[in-house]
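S.K.: Okay, handing you the structure first.
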Ligand SMILES: *[C@@H]1O[C@H](CO)[C@@H](O)[C@H](O)[C@H]1NC(C)=O
């Protein structure tokens, strides 16, 4: 058995072509790429739990918990942190870049209790008390509005109940920020449950978004009568194809160009070891309706879903969808943004700032930092988490 393993390791080493890489450097990303959240956390040497949370409208969500480092028993300043991922993605984003870099592991190392949300429809939250995601179209009749209106309050209530803490710290990425804004606009009581909200690469107004994906969304946005379907599912065509090309180490150069020109351009932050793990886990599945909705928003601004004049009149009592009531967002909210963000463009962040009183904006020093770098970038422990910890400790924003 051992000799077979040795043979495999040596073969991999020879095939890699140059002596510098050790076998474990090559094998580790290949293994990490195919483990689910629970397995990956264990592989990386941490401890996790999986919890099931039911929303008011019957969806069953998986919420992960990464336990604080075991040496933390006597530390007083522990926060309960909820990490919420962005569009097409999942809670895996909290662990993908691995120990020392990934948000969940850094929080755990610093003795915090980390919870990880999974929006309805992603690979870990494809369940409902009556609807079958593989058979019932109505399962996929949702957008980030339902994520804010139903998913988040269910998850926040659950965590505060289990931990017996009244407040938690929220760290959202991209659509994870959007859903938080929607929740507060629709049910302002939840403002008091969030000690601080950190919004990385926030998505709300999208007029200046440069992502090619957004262009595609804009093109299909007028087709409001599309069927309710699942798209970009984990193990589906797009993810499998992306992985079969980009899961290979020798395609790093090609993929860093191809993939990141679709998802946001940065060749500096996402390392060779991390990108196969990204394509092994993303995309994680979402509804077509949500995809279309982002196209509407890029076209018309941050407002409710546009069903067309007639149906809008019935639902909203007006021909165009209304804006969200953002003056109801009163919690302490810190946005972490970047100049090279192809989704959360700084001009659009300014529009968001003008709608939410007291919002704080922090622009990261690295001008090349991109949309995905907030969750996968090698400089997260240098540029992002220290800002979060400093603010939690003394409300000082180092930027
Ligand atoms: C991860 O995979 C293992 C093995 O297939 C399975 O038992 C477990 O339920 C999975 N966990 C999640 C959260 O999907």
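In this note's numbering, the protein residues as written are 39 to 437. Glycine is no exception: its CB is placed at the ideal position from the N, C-alpha and C atoms.
Do residue 182 and ligand 1 come close, with the Cβ less than 7 Å from some heavy atom?
M.R.: Not so, every heavy atom of ligand 1 lies at least 7 Å from the Cβ.
S.K.: So, is residue 373 buried or exposed, given that buried needs 16 or more other C-beta atoms within 10 angstroms?
M.R.: Buried: at least 16 other Cβ atoms inside 10 Å.
S.K.: Considering only heavy atoms of ligand 1, does any lie closer than 7 Å to the CB of residue 77?
M.R.: Under cutoff, so the answer is yes.
S.K.: Where does residue 233 sit, in a helix, a strand or coil, going by DSSP?
M.R.: Note: residue 233 maps to strand in three-state DSSP.
S.K.: In angstroms, rounded to a whole number, what distance separates the CA positions of residue 50 and residue 64?
M.R.: The pLDDT assigned to residue 50 is 45, lower than 50, so where the model puts this residue is not dependable, and the model offers no usable value.
S.K.: Mind checking which residues open and close the beta strand (DSSP E) that includes residue 147?
M.R.: Careful: residue 147 lies outside any beta strand (DSSP E), inside the alpha helix (DSSP H) at 141 to 147.
S.K.: Compute every distance between the C-beta of residue 112 and the non-hydrogen atoms of ligand 1, then say whether any falls below 7 Å.
M.R.: Residue 112: no, Cβ never under 7 Å from ligand 1.
S.K.: Where do the N-terminal and C-terminal ends of the beta strand (DSSP E) with residue 194 fall, by residue?
M.R.: Not the beta strand (DSSP E): residue 194 falls in the alpha helix (DSSP H), residues 190 to 201.
S.K.: Could you compute how far the alpha carbon of residue 48 sits from the alpha carbon of residue 77?
M.R.: Note that residue 48 scores 42 on pLDDT, short of 50, meaning its location in the model is unreliable; the coordinates nonetheless yield the value given after this. Using only the alpha carbons, I get a separation of about 26 Å.
S.K.: Between the region 256 to 264 and the region 407 to 422, do three or more beta carbon pairs fall short of 8 Å?
M.R.: Taking 8 Å as the limit for Cβ pairs, the verdict is that the region 407 to 422 does not touch the region 256 to 264.
S.K.: Say the cut is 7 Å; is the CB of residue 109 nearer than that to a heavy atom of ligand 1?
M.R.: No.
S.K.: Taking 8 Å as the CB-CB cut-off, is residue 87 touching chain D?
M.R.: Judged by its chain identifiers, the structure shown contains no chain D, having just a single protein chain.
S.K.: Cα-Cα, which of 137, 270, 213 is closest to residue 335?
M.R.: It is 213.
S.K.: Taking 8 Å as the cut-off, does the region 240 to 249 touch the region 266 to 283 (at least 3 CB pairs, one atom from each stretch)?
M.R.: Counting Cβ pairs under 8 Å, fewer than three are found: no touch.
S.K.: Let me confirm a value: residue 177 is counted as buried when at least 16 other C-beta atoms fall within 10 Å, else exposed. Which label applies?
M.R.: With 16 or more Cβ atoms within 10 Å of its Cβ, residue 177 is classed as buried.
S.K.: If you reduce the DSSP assignment to three classes, tell me which class residue 208 lands in.
M.R.: Residue 208 falls in the strand class under three-state DSSP.
S.K.: Let me know the beta strand (DSSP E) ranges lying completely inside the region 149 to 190, each 3 residues or longer, listed in chain order.
M.R.: Taking only runs of at least 3 residues, the beta strand (DSSP E) segments lying wholly in the region 149 to 190 are 151 to 154.
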